[in-house]
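For the protein sequence lines, the chains are C and L, in the order given.
Counting in the working numbering, the first sequence runs from 255 upward without gaps.
Counting in the working numbering, the second sequence runs from 255 upward without gaps.
One structure is given below, encoded as structure tokens.
2 protein chains.
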Amino acid sequence: MIDPDDMSRLAQYSHRLAVMAGKTFIQEGEPANDFFIVTSGHVKIFALMPDGRRQITGFAQSGDFLGLASGATYGFSAEALGPLALCRFSRTGLNILKREFPDIEHRLMEEASRELVQAQKRMLLLGRKTARERLASFLLEQHHRSPTREIVINLPMSRTGIADYLGLTIETVSRTLNALQREKLIAITQVTQITLLNLPALETLARGG
Amino acid sequence: MIDPDDMSRLAQYSHRLAVMAGKTFIQEGEPANDFFIVTSGHVKIFALMPDGRRQITGFAQSGDFLGLASGATYGFSAEALGPLALCRFSRTGLNILKREFPDIEHRLMEEASRELVQAQKRMLLLGRKTARERLASFLLEQHHRSPTREIVINLPMSRTGIADYLGLTIETVSRTLNALQREKLIAITQVTQITLLNLPALETLARGG
DNA sequence: CGTTCGTTTGAGCCCCCTCAACTGATGTGG
DNA sequence: CCACATCAGTTGAGGGGGCTCAAACGAACG
Chain C
255 MIDPDDMSRL AQYSHRLAVM AGKTFIQEGE PANDFFIVTS GHVKIFALMP DGRRQITGFA
315 QSGDFLGLAS GATYGFSAEA LGPLALCRFS RTGLNILKRE FPDIEHRLME EASRELVQAQ
375 KRMLLLGRKT ARERLASFLL EQHHRSPTRE IVINLPMSRT GIADYLGLTI ETVSRTLNAL
435 QREKLIAITQ VTQITLLNLP ALETLARGG
Chain L
255 MIDPDDMSRL AQYSHRLAVM AGKTFIQEGE PANDFFIVTS GHVKIFALMP DGRRQITGFA
315 QSGDFLGLAS GATYGFSAEA LGPLALCRFS RTGLNILKRE FPDIEHRLME EASRELVQAQ
375 KRMLLLGRKT ARERLASFLL EQHHRSPTRE IVINLPMSRT GIADYLGLTI ETVSRTLNAL
435 QREKLIAITQ VTQITLLNLP ALETLARGG
């Protein structure tokens, strides 16, 4: 995570880059020559299998780094969720960055740490939780992400997005959400808007008992 | 990853700690006051659900950091797989470490990056792969980890361990391994020793087509 | 009004889980 | 040396949760 103040100073060491909504600007398997810092917009990070199975591994937003965790080739793909602005750095340019921002390594470390904690929680979710538990966890995650802690959630993605994020199919996502509604745990006010009616129940469900 | 040379120098800034095999020395949810560096032995990192469902999220060995990625409380548990030696640091002691090892942040970053790549691959595995694909991926992972690239693999864990690592049950692990043997992709020479008979087929299976 | 695309709903099936019994290796005491 | 207990692994039978395939629905848009 980079301060907004620093972002303008960053510009002189990088190429600024605008990406259209929906464009996949990092392709898994391609040579990882560059890395990026998101300056505005949201990014979907995912992995694909040859037959089209998709797993979303996370999201990135303004201030986040992208592509540093790669080896010789990118280990994931990244797609702009909306209009996107990026700073692109050559891999070797990282040293310049380090000179100019002495604490950059510290910040990188903090971001990586946070992501690693997230990743562990998601491995538990993907490996061991039922569909109901996954959806409950997902809804609470959205809830906690919200600045106002409002119990009305505006889903940031389609059913396909949720399914690929939770390791389910769109049908199961739809059915499970409706089941949770029947049980009065949530109310689906619009397709992309859900009200949490019973937070305690959702929390016990999310943690699995 | 810390150089063996440096490990002795580390000692004066930390408390040395010996842990018995099988002991859980980090408990999820407890206050994360300390962090650790493994100096010898192997560690299993996992998360638990109230009803006992377990997901192993990774392993750590000599030179690896442990517990840095936590917030106020540990987000995971850690168990010694065999006799284990650790250096324990107070959370605040990290600053001393940084002074003494100026490039420690860089090393930490590299380790975190590698783990993050691993984590993404495992999310794809846990979210989208079938049992056959998971086992094939697992066997190839063991194969690549081996220094000699020998096609004979000595499994480093029991069926329970494999199951908790791959998000399956022990029965499915057993059945699937035997199915792979019937199809001549592997040979189960002993319970904990497997020979890879058809690497190309295992690789296409692991990547899912 | 018709098309398109995302979502919902239904029916059926399959993969994996659950529960249970069996096998085999290891160890222990008589 | 053998009877017995224990525990990891295997094998079998059955059930269920989530997937697949298909059709209906509904909102956005020309």
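Think of the CB as a built atom: it goes at the ideal place given N, C-alpha and C, for glycine as much as any other residue.
Chain-ordered neighbours of residue i on chain L, where CB pairs are closer than 9 Å
| i | result |
| --- | --- |
| C:SER324 | SER367, VAL371 |
Cβ of residue i within 9 Å of any chain C Cβ
| i | result |
| --- | --- |
| L:MET274 | no |
| L:GLY462 | yes |
| L:LYS277 | no |
| L:GLU359 | yes |
Buried or exposed (CB count within 10 angstroms, at least 16 for buried), residue i
| i | result |
| --- | --- |
| C:ILE310 | buried |
| C:GLN447 | exposed |
| L:HIS269 | exposed |
| L:ASP318 | buried |
| L:MET377 | buried |
| L:ALA272 | exposed |
| C:VAL445 | exposed |
| L:ALA326 | exposed |
| L:GLN374 | buried |
| L:THR384 | exposed |
| C:GLY283 | exposed |
| C:THR293 | buried |
| C:GLU359 | buried |
| L:MET365 | Checking the sequence shown, residue 365 of chain L turns out to be Glu, not Met. It counts as buried. |
| C:THR430 | buried |
| C:GLY475 | Outside the shown range of chain C (255 to 463) lies residue 475 of chain C, about which nothing can therefore be said. |
| L:GLY312 | buried |
| C:GLU425 | exposed |
| C:GLU354 | exposed |
CB contact check: residue i to chain L, cutoff 9 Å
| i | result |
| --- | --- |
| C:PRO454 | no |
| C:PHE330 | yes |
Contacts of residue i in chain C (Cβ-Cβ under 8 Å)
| i | result |
| --- | --- |
| L:ALA385 | What L:ALA385 touches in chain C: nothing, since even the nearest Cβ is about 12 Å away. |
Interface residues of chain L facing residue i [CB-CB closer than 7 Å]
| i | result |
| --- | --- |
| C:ALA301 | GLN374, LEU378 |
7 Å Cβ cut-off: residues of chain C touching residue i
| i | result |
| --- | --- |
| L:LEU362 | MET363 |
| L:ARG382 | MET303, ARG307, GLN309, GLY421 |
Identity of the residue in the options nearest residue i by Cα
| i | options | result |
| --- | --- | --- |
| L:LEU409 | L:TYR328, L:THR443, L:ARG342, L:GLU437 | L:THR443 |
| C:LEU439 | C:SER428, C:ARG368, C:VAL445, C:ALA455 | C:ALA455 |
| C:GLY329 | C:LEU302, C:ILE350, C:GLY317, C:ARG307 | C:LEU302 |
| C:LEU335 | C:GLY283, C:SER316, C:ARG342, C:ILE350 | C:SER316 |
| C:ILE299 | C:GLY325, C:SER331, C:ASP288 | C:SER331 |
| L:ILE405 | L:ILE358, L:ASP305, L:LEU451 | L:LEU451 |
| C:MET274 | C:HIS398, C:GLN396, C:GLU333 | C:GLU333 |
| C:GLY295 | C:LEU338, C:ARG361, C:ARG461, C:ASN287 | C:LEU338 |
| L:SER367 | L:GLY381, L:ALA323, L:ARG353, L:LEU394 | L:ALA323 |
| C:GLU437 | C:LEU453, C:GLU425, C:PRO401 | C:LEU453 |
| C:SER344 | C:ARG382, C:HIS398, C:ASN287 | C:ASN287 |
| L:ARG308 | L:GLY415, L:LEU393, L:ILE280 | L:GLY415 |
| C:GLN372 | C:ARG342, C:ARG353, C:TYR419 | C:TYR419 |
| C:LEU422 | L:GLU425, L:SER400, L:GLY381 | L:GLY381 |
| L:GLY463 | C:ARG429, C:GLY306, C:GLU365 | C:GLY306 |
| C:LEU459 | L:PRO304, L:ALA417, L:ILE407 | L:PRO304 |
| L:MET411 | L:GLN281, L:ARG361, L:GLN396 | L:GLN396 |
| L:ARG461 | L:THR402, L:ALA433, L:ILE291, L:LEU394 | L:LEU394 |
| L:GLY276 | L:PHE289, L:PHE290, L:ILE291, L:VAL297 | L:VAL297 |
| L:ARG342 | L:ALA441, L:ILE407, L:PHE279 | L:PHE279 |
Cβ contact (3+ pairs, closer than 8 Å) linking the segment 338-352 of chain L and the segment 372-390 of chain L | The segment 338-352 of chain L, when compared against the segment 372-390 of chain L, does not touch it at the 8 Å Cβ threshold.
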